[in-house]
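Read the structure below first, then the notes.
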Amino acid sequence: MSEPPTFETSPESLVFPASWQRRHLLDLESLSASEIRTLLDVAQQMKELTGGCRRKVQLLAGKTCANLFFENSTRTRNSFSLAAKRLGADTVEFGSSGSSVAKGETFVDTAKTIQAMGVDWVVTRHSTPGTPHLLSRELECCIINAGDGPHEHPTQGLLDLLTIRQHRGQFDGLTVALVGDINHSRTARSNIWGLSKLGAHVIVCGPPTLVSDRWEELGFEVAHNLDDILPRCDVLNLLRVQFERQNTQPFPSVHEYANLYAMDVDRMRRAKDDILIMAPGPINRGVEITPEVADGKHSVILEQVNNGLAVRMAALWLLAGADERERGITS
Amino acid sequence: MNAILIHDGRIVDPNQNVDRVGRLLVIDDRIAAIDPSDGDIPTDCQHINASGHIVAPGLIDLGAELREPGHEEDETIQSGSHAALAGGFTSVLCCSSTNPVIDSPGAVEFVRQKAAVSRGARVHVIGCLSKGRRGEQMAELGLLAQAGAVAFSDTPRAQRNDALMKRALEYCRMFDLPVFDRPEVPGLAEGGVMHDGQVSLVLGLRGLPTESEDLAVARDVRLAEATSGRLHVGPLSTMGAVDLLRRVKKRGVKVTASVCPHNLCSSDVQLRSYHAKYKVRPPLRSPRHVEVLCQAVADGTIDAIQSGHMPRSREKKMNDLDQAPFGLSSLETALATVITHLILPGIIDWPTAIDRLSAAPARIAGVPGGDLAVGSKADVIVIDPNHNWVVDPTQFISKCVSSPMDDQKLTGVVSHAMVSGEMRYHRNADVQHLA
């Protein structure tokens, strides 16, 4: 690892954006372009304040973040925990197995119980779309969606946007292809809304069983042949095939899928020289992406992970600020 | 002698082609006359002033779940039959989805006896089509018919066994009783929670594709044609099903169809709230389907409107969209939904509405009621067609408080409901409805 870069920014220089109103981060579809830009700007500041997400800054000391995950997760859960801790907040972990959910309690009741312990944010992941929205109606605290089934994963979308912006500066004129299981991917949906709101041209690419024509009706370019669109792409985001969300087999074999859609050295030769290769992870090496490409110079996969901390810090700080303002607390 | 004169109301009886302001005389349990001469009106007659109101034959629901025995947390025969009356339904066909299921004469008898002492709407029984509703062997349809079952179905469960469906349609011909099917090919609908379309794609929710219903309707009508059995399909929700029906009805196939009021006015966009009150089956489809369904009700391709009442307890519905069951309380909103969304916008007129909600269901199920002919059992309702209200499910008589019409403004309420000449529901009196 290289030395952490030095930053000029101090906590005092951080000004809460007057326009920010939201107490929940449920999806990117309902955010405006300027709200998304605010989140990215603050994420960039957070990154600089914390020395590349490595130092602690006591911005949220005394507050508590509850991770309420009803689906397995390692990276997102740890990323939220670390983000909260970097800002001085406490964290508490709840999982579905072994908890009262396994004992038959509804997830709303579980969430209410956790809220009663005095938490400021509930970060939730659940296999059913809309569960964070349901919690935001039932609970008083701030809700952050860490993935609701195939619906959205807003902080993943934001970290992808932040990574692209760090490399390209802006979104106008950029062509970004999302490749893979678009229909079942929450990362795809958050990227689709975020990218299109900020002005990028979005292509969704994969076999028709994973990429519905309805995306075209919604205004996005649909492609089934990766090689056709490859030369036009500035960014490729290679999504994991969601084997667990399939009712029926969407393609004949992994072998065939990899042949048609995996980003390999050969395809890299036909891509733009400055193409960015992204993947939300966990990656299936050899399915969506070959090891040479995943670890190659165009790959920004590990930067994405680091930016995940930055956008999560930004989300925690912005939501808490709006919450305090709404409840009349001035810090 | 018990005599009631309902005067100055607009009497609507599509069967007799009556639509005029007049007087309806009921003596004992029968309709005695429309516009009797003064000399024929008994002196001790009770008078009901129906000025500004509609007087119509009681509505008949082609399929409501009453859930008793076995699921009394959702609904009972008492609560369901009184909810029906408050909604203008003087007869309800109850589904076989109880526990134990209604696949034996004893189970039919249980429902009939419970209904008799509940003194709400009449309750007719839809017997199970298959033993245990398992979709394998035919239930004892003849014995069920003897016990009083008026139709056979495993509805709201879809009938997935093609051979069983064919045999049942064939076999039921000797009782001249209909087979009901809620058309769906389950393999295409597995795990679905809402209409499969743009909205489900954006929300990431599993879809119930229209072709699942279209294919099942195609199967059902072909089997009805092949067997000459009496088939009723519904509730329907797709324009594909309507298109098929239109074509086969032209060919003279004996098939009838129904639709639910909420499918005639609400669309899948409601699911954007992620609220389980909109998780209903058949699902709320896209506006294009809604429009076609309305036209089909108007032109008679769809014969009847049924409530689609599928009560589920608050605990069950208070959940996320995957966990919450399909279900809704609709007996008390069905008529007002039809008035608000079909009659007031001019899609259908009053006689057509009463036909779809009363006369047609009587014909389809072969049950009494559906007209105001002299000598008929006096199942009569009086409707205030101008009363505006906002749906508050917590005020329902039904035990189920989940409704896709929640918080919507509707027009029209039932002021009186009479079963066999007995006034069992009177909106402005406190006593009647849960006596």
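Protein sequence lines, in the order shown, are assigned to chains L and B.
For the first sequence, the working numbering gives the first residue as 307, with consecutive numbering after it.
For the second sequence, the working numbering gives the first residue as 324, with consecutive numbering after it.
Note that the Cβ used here is the ideal one computed from N, Cα and C, for glycine as well.
* To do: Pick helix, strand or coil for L:Glu318, following the three-state DSSP scheme.
  => helix
* Where the segment 453-466 of chain L meets chain B: residues whose CB sits under 8 Å from a CB there -> Asp454, Gly455, Pro456, His457 and Glu458
* Asked: Should the segment 340-347 of chain L be regarded as contacting the segment 599-607 of chain L, the criterion being three or more beta carbon pairs within less than 8 Å?
  -> no
* Residues of the segment 422-438 of chain L with a CB closer than 8 Å to any CB of chain B: list them in chain order, please. => His432, Ser433, Thr434, Pro435, Gly436 and Thr437
* Opposite B:Ile449 in the DSSP bridges: which residues? -> B:Ala474
* To do: Could you name the residues of the same chain whose beta carbon sits closer than 7 Å to that of B:Phe649, not counting the 5 residues immediately before and after it, in chain order?
  => Lys602, Val603, Arg604 and Met633
* Asked: Would the beta-carbon of B:Asp331 fall within 7 Å of that of B:Ala387?
  -> no
* Find out if the Cβ-Cβ distance for the pair B:Ile334, B:Leu347 is shorter than 7 Å. => yes
* Within this structure, are the beta carbons of L:Gly614 and L:Leu465 separated by less than 7 Å? -> yes
* Rounded to whole angstroms, what's the CA-CA distance from L:Leu608 to B:Ser609? Just pull it up for me. => 42 Å
* Anything in chain B within Cβ reach of L:Ser518, meaning under 8 Å, just list it in chain order. => Leu524
* Mind checking whether the beta-carbon of B:Pro716 lies closer than 6 Å to any heavy atom of the ligand ATP? -> The ligand ATP is not among the ligands present in this structure, which contains no ligands whatsoever.
* Taking only runs that begin and end inside the segment 706-742 of chain B, name each unbroken beta strand (DSSP E) of 3 or more residues, in chain order. => 732-742
* To do: Could you tell me whether the Cβ atoms of B:Asp384 and B:Ser630 are closer together than 7 Å?
  => yes
* Taking the Cβ atom as the reference point for each residue, do B:Ser596 and B:Leu607 lie within a distance shorter than 7 Å? -> no
* Kindly provide the ranges of any beta strand (DSSP E) runs that are 3 or more residues long and lie completely inside the segment 654-714 of chain B, ordered along the chain. => 703-713
* **Within-7 Å CB hit, L:Thr412 to chain B** => yes
* Asked: Since B:Ser581 contacts B:Asp626 with CB under 8 Å, what's their CB separation in whole angstroms?
  -> 7 Å
* List, in order along the chain, the chain B residues whose C-beta lies closer than 8 Å to that of L:Asn497? -> What L:Asn497 touches in chain B: nothing, since even the nearest Cβ is about 13 Å away.
* Determine the direct distance from the alpha carbon of L:Lys391 to that of L:Pro310, and round the result to whole angstroms. => With a pLDDT of only 40 at L:Pro310, under 50, the local geometry of the prediction cannot be trusted, and the value read off the model is given with reservation. Using only the alpha carbons, I get a separation of about 19 Å.
* To do: May I ask you to report which of helix, strand or coil DSSP gives B:Asn642?
  => coil
* Keeping to the same chain, check which residues put their C-beta closer than 6 Å to that of B:Val754; ignore five residues upstream and five downstream. => Unreliable positioning characterises B:Val754 in this predicted model, as indicated by a pLDDT of 39, which lies under 50. A coordinate reading is not provided.
* Asked: Does the beta-carbon of B:Met741 have 16 or more other beta-carbons within 10 angstroms, so that it is buried, or is it exposed?
  -> buried
* Asked: Do B:Thr734 and B:Thr663 come within 7 Å of each other at the CB atom, strictly closer than that value?
  -> yes
* **Nearest residue (CA-CA) to B:Ser535, options B:Cys617, B:Leu528 and B:His518** => B:His518
* Could you list the residues in the segment 612-643 of chain B with a C-beta less than 9 Å from some C-beta on chain L, going in chain order? => Glu638, Met641, Asn642 and Asp643
* To do: Report yes if the C-beta distance between B:Phe475 and B:Gly450 is below 7 Å; otherwise report no.
  => yes
* Do B:Glu507 and B:Ala539 have their C-beta atoms closer together than 7 Å? -> yes
* Can you tell me the Cα-Cα spacing of L:Lys418 and L:Leu445, whole angstroms? -> 7 Å
* Which residue's Cα is closest to the Cα of B:Val448: B:Glu548, B:Ile400 and B:Ala696? -> B:Ile400
* Segments of 3+ residues assigned as beta strand (DSSP E) that fall wholly inside the segment 361-444 of chain B -> 369-372, 377-380, 382-387 and 412-417
* Going along chain L in order, which residues have a C-beta closer than 9 Å to the C-beta of B:Leu528? -> Thr434, Pro435, Gly436, Gly455, Pro456 and His457
* Could you run through the segment 591-606 of chain B and flag, in chain order, every residue whose CB is less than 7 Å away from some CB of chain L? => Tyr597
* Go through its chain and collect everything with a Cβ distance to L:Thr639's Cβ below 6 Å, but skip five positions before and after it. => There is simply no residue 639 of chain L to check, as chain L begins at 307 and stops at 637 in what is shown.
* Within its chain, find whatever has a CB closer than 6 Å to the CB of B:Asp707; leave out the 5 residues flanking it on each side and keep chain order. => His376, Val736 and Ser738
* Same chain, Cβ closer than 7 Å to L:Ala564, neighbours up to 5 away in sequence not counted -> Gly592 and Val593
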